[in-house]
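Novice: One structure follows; several queries about it will come next.
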Amino acid sequence: MKKILFILFLISFSIIVCAQENGLSIVKGKFAYCGASSTQITKDSIIILGKKFLKGISTCPVLDGFSVANTYLISNPTITPDGTDKTVWSLFWYYDSVVQAPSWKIAATYNRTFIVTNEPGGGMSNMWCMPCKILPKKVNGITLAECEGPINESAFPLDKAVRVIPGMTSVTQAPLGASYPVGTVIPIFKKN
C-alpha cells in the first residue's frame, strides 16, 4: 500500500509539474520536514496566496539534504525566511523513516489517507513551504523547528490557495490520532 500511494503521488506530482513547469525547485541544505507531524490549531490567521486561513503550528525536525520547494510560495528557497540561521523553510522529500514526535527518534513512516471532517482535529494542515523558527534546545540531539502554516489548505495546485472541505481525502505520514495531520488532499483530475 505504501508503494502504491507513493507511485500515485509521483504520477500526480508529475502531472502537476508538467502543468506548472516553473513552480518547483530542488534545493540542498537545511529544512524542516513536517510530513509526519501533527498540528496545533491557533486562533490566528495566515494569508496564503491572497486567501485567509486559520493558522496552525507544527513542531518538525530540521534535516539537511535534498528537498522540493514550491517557488510560487518561496521565490528563493536557498534564503531562509528571515535571512539568518535561526529560521528554515518547511520543505518536502520522501522518507521511509524519519525523526518523529514524541520521542524524536527515527521511526518508520506510513503513508495513509483519511477523510477530512468538521470534528475538532479532523482537518489537515499544509506545512509545505512555510516559515519555521529553529527552537533553541535540541531533543535527543535533534534540532527542531516550530512551523506556521494554514489549516485546511491544499498544497496543490502550486499557484493557487485551495480550501480543503470536509469529505475530501487527504494523504499524510503523520500517525493515527494526530490532530490536523500535515498533508494534502489527493488531486482529482477531470476527464476531458
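This note's numbering puts the first residue of the sequence shown at 1, with every later residue one more than the last.
C-beta atoms are modelled at their ideal positions from N, C-alpha and C, and glycine is treated no differently.
As the structure is a computational prediction, the values presented were derived from the model and not from experiment.
1. I need the DSSP call for Gly65, collapsed to helix, strand or coil.
2. Does the separation of the CB atoms of Lys132 and Ala32 fall below 8 angstroms?
3. Counting beta carbon pairs with one atom in the region 65-77 and one in the region 109-118, are three or more of them shorter than 8 angstroms?
4. Helix, strand or coil, according to DSSP, for Phe114 in the structure here?
5. Can you list, in chain order, the residues of its chain with a C-beta nearer than 6 angstroms to that of Val162? Leave out the 5 residues immediately preceding and following it.
6. Mind checking Gly167: buried by the 16 CB within 10 Å criterion, or exposed?
7. CA-CA distance, Ser179 and Val171?
8. Taking one C-beta from the region 45-57 and one from the region 85-94 each time, how about it: are there three or more such pairs within less than 8 angstroms?
9. Starting from Val98, trace the beta strand (DSSP E) both ways and give me its first and last residue.
10. So for Gly29, helix, strand or coil by DSSP?
11. What are the boundary residues of the beta strand (DSSP E) that includes Val88?
12. What did DSSP end up calling Gly149 once you bin it into helix, strand or coil?
13. Do you know how far the Cα of Asn140 is from the Cα of Val98?
14. Does the distance from the C-beta atom of Asp96 to that of Thr80 stay below 8 angstroms?
15. Under the DSSP definition of a beta bridge, which residues are partnered with Val162?
16. Out of curiosity, what's the CA-to-CA distance linking Lys160 and Gly50?
17. Beta-carbon separation of Ile46 and Gly183 under 8 angstroms?
18. If you reduce the DSSP assignment to three classes, tell me which class Ser58 lands in.
Specialist: This is what the structure gives:
1. What you label residue 65 is simply residue 65 of the sequence shown in a count that begins at 1. It is a strand residue.
2. The residue labelled residue 132 in the question sits at position 132 within the sequence shown. The residue labelled residue 32 in the question sits at position 32 within the sequence shown. For the record, residue 132 in the displayed sequence is Cys; it is not Lys. The answer is yes: Cβ separation under 8 angstroms.
3. no
4. Counting from 1 along the sequence shown, the entry for residue 114 is found at position 114. Phe114: strand per DSSP, three-state reduction.
5. Locating residue 162 in the sequence shown gives position 162, counting from the first residue. So the qualifying residues of the chain are Ser154.
6. Here residue 167 refers to the residue found at position 167 when the sequence shown is read from its first residue. Gly167 comes out exposed.
7. For this step, residue 179 is matched to residue 179 along the sequence shown. For this step, residue 171 is matched to residue 171 along the sequence shown. Distance between the alpha carbons of Ser179 and Val171 is about 14 angstroms.
8. no
9. On the sequence shown, residue 98 is found 98 positions in, with the first residue counted as 1. Segment Ser97 to Gln100, the beta strand (DSSP E) holding Val98.
10. One-based indexing of the sequence shown puts residue 29 at position 29. It is a strand residue.
11. Here residue 88 refers to the residue found at position 88 of the sequence shown. That run of the beta strand (DSSP E) goes Thr87 to Ser90.
12. Counted from its first residue, the sequence shown places residue 149 at position 149. Gly149: strand per DSSP, three-state reduction.
13. For the purposes of this step, residue 98 is taken as residue 98 along the sequence shown, with counting starting at 1. For the purposes of this step, residue 140 is taken as residue 140 along the sequence shown, with counting starting at 1. Answer to the nearest angstrom: the Cα atoms are 14 angstroms apart.
14. In the sequence shown, counting from the first residue as 1, residue 96 sits at position 96. In the sequence shown, counting from the first residue as 1, residue 80 sits at position 80. No.
15. Sequence index remark: in the sequence shown, residue 162 carries index 162 (1-based). Its beta-bridge partners are Ser154.
16. By 1-based counting over the sequence shown, the position of residue 160 is 160. By 1-based counting over the sequence shown, the position of residue 50 is 50. The straight-line gap from Cα to Cα measures roughly 9 angstroms.
17. For this step, residue 46 is matched to residue 46 along the sequence shown. For this step, residue 183 is matched to residue 183 along the sequence shown. Contact flag unset, no.
18. Walking along the sequence shown from the start, residue 58 turns up at place 58. In the structure shown, Ser58 sits in a strand (DSSP, three-state: E or B).
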